[in-house]
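Chemist:
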Amino acid sequence: MIIHQTNSSKMTNGSLSTFDSGHSCLYFFVSEYCRNSTPVFQREAAVRMGILITVKIAQWPVEAMRQQEQQSRFAMTTALQQPSLSSQCMAEFLGTALLIFFGTGCVAALKVAGASFGLWEISIIWGIGVSMAIYLTAGISGAHLNPAVSIALCIFADFEKRKLPFYILAQIAGAFCSAALVYTLYSNLFFDYEQTHHMVRGSQASLELASVFSTYPHALLSTAQAFLVEMVITAILMGVIMALTDDNNGLPRGPLAPLLIGLLIAVIGSAMGPLTGFAMNPARDFGPKLMTFFAGWGEMAFTGGRDIPYFLVPIFAPIVGACLGAAAYRGLIARHLPSAAPAIAEETPDTAVNGKTRIS
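Take the sequence shown: its letters are residues 6 to 365, numbered as in the numbering used here.
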């Protein structure tokens, strides 16, 4: 039979290798049965067998396409779970603005409104401001809120380099706008204080009010000493941040970590604040300095009355310190920690949508 010979050659060539054994046996049975049948029955059997083959061949790509569609849907769901870069930058802007609003606001209340704050009260307000900013933005951007932290994470962790300049610009812009807002709200008190104390904005004496928004070193501290102070305290900050966010470390994370980071900042501020103002954050210092420059303090805002532009110290010292702190943690602590247990649950599109399982 021509039909039987054609189908048999197809089986020999392996084009039906994707069929299961049941279909192969059925095909062979029908083919052998057709040998001894009438021509009419042979034609009907051939037509039916052709339909069976066509259906089976049609089903095989459908299953493959269904699996491919499921994988594509899962990849799309995972991509949709990741916030866009613009939303991450907005989160960094708002988070940095929030901590500057609380921090500079309490210093303004102390300087021009007569509030009775001590060093610990100021430090703890700064720390709580940082904690609130982390709670606000951690789920979207990771709550860096600090160019030094972003740079250190870019070098020593898995933060994407393409995001780095956008994060830094958002952080500086947030600090600038928040400082401008605090200045606007307290502007009448600033003018009254300057008139009462016969203070000329932009003079050496006016640094007393400029320090409401940004940091300047103690008069007895050299620029090199100020650099060292900022480098050391930022290294401590970065090292502890990495410890609190390391999955292998076994320390309390999640809702408790922002409070501990804020408490750490308060402790550092109480211990080293009188020396440099504990900037530890290039955006926290440069953004408000830029605002005071435009608000009338001029070059005095950047130089701090020193021979060299002091604004460079709170920019580069925290960056160096953060990198040293991250490197020290990875080299001295993280390498000796046991690895985290591998995740057993396999992530699927359903678990990704429900948010119950997320394996990175």
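Quick reminder that beta carbons are idealized off the backbone N, C-alpha and C, glycines included.
Residue 140 lies in the alpha helix (DSSP H); which residues open and close that run?
Modeler: Looking at the DSSP string, the run of the alpha helix (DSSP H) that includes residue 140 is 124-146.
Chemist: Less than 6 Å between C-beta atoms, sequence neighbours within five positions excluded: which residues of the same chain meet that for residue 185?
Modeler: Once the five neighbours on either side are set aside, the close Cβ partners of residue 185 are 296.
Chemist: Contact defined as beta carbons within less than 8 Å: I believe residue 207 pairs with residue 131. What is the distance between those atoms, to the nearest angstrom?
Modeler: About 27 Å; that fails the 8 Å criterion.
Chemist: Would DSSP call residue 308 helix, strand or coil?
Modeler: Note: residue 308 maps to helix in three-state DSSP.
Chemist: By how many angstroms is the C-alpha of residue 101 removed from the C-alpha of residue 139?
Modeler: C-alpha separation (whole angstroms): 9 Å.
Chemist: For residue 309 and residue 316, I'd like the C-alpha separation in whole angstroms.
Modeler: Approximately 8 Å between the Cα atoms of the pair.
Chemist: Taking the continuous alpha helix (DSSP H) assigned at residue 230, which residues delimit it?
Modeler: Per DSSP, residue 230 belongs to the alpha helix (DSSP H) from 228-249.
Chemist: To the nearest angstrom, how far is it from the Cα of residue 209 to the Cα of residue 339?
Modeler: Rounded to whole angstroms, residue 209 to residue 339 spans 46 Å at the Cα level.
Chemist: Roughly how many angstroms lie between the CA atoms of residue 109 and residue 307, to the nearest whole one?
Modeler: So the alpha carbons of these two residues sit roughly 17 Å apart.
Chemist: If the criterion is Cβ atoms closer than 8 Å, does the pair residue 178 and residue 98 meet it?
Modeler: Yes, the Cβ-Cβ distance between residue 178 and residue 98 is below 8 Å.
Chemist: I need the DSSP call for residue 313, collapsed to helix, strand or coil.
Modeler: Note: residue 313 maps to coil in three-state DSSP.
Chemist: Residue 287 and residue 319 - do their beta-carbons sit closer together than 8 Å?
Modeler: The answer is yes: Cβ separation under 8 Å.
Chemist: If I follow the unbroken alpha helix (DSSP H) through residue 289, where does it start and stop?
Modeler: Residue 289 -> alpha helix (DSSP H) spans 287-297.
Chemist: Can you tell me whether DSSP reads residue 88 as helix, strand or coil?
Modeler: Three-state DSSP puts residue 88 in coil, outside helix and strand.
Chemist: For residue 322, collect the residues of the same chain with a Cβ closer than 6 Å to its Cβ; drop the 5 residues on either side in sequence, then sort them by chain order.
Modeler: These residues qualify, in order along the chain: 232, 235 and 236.
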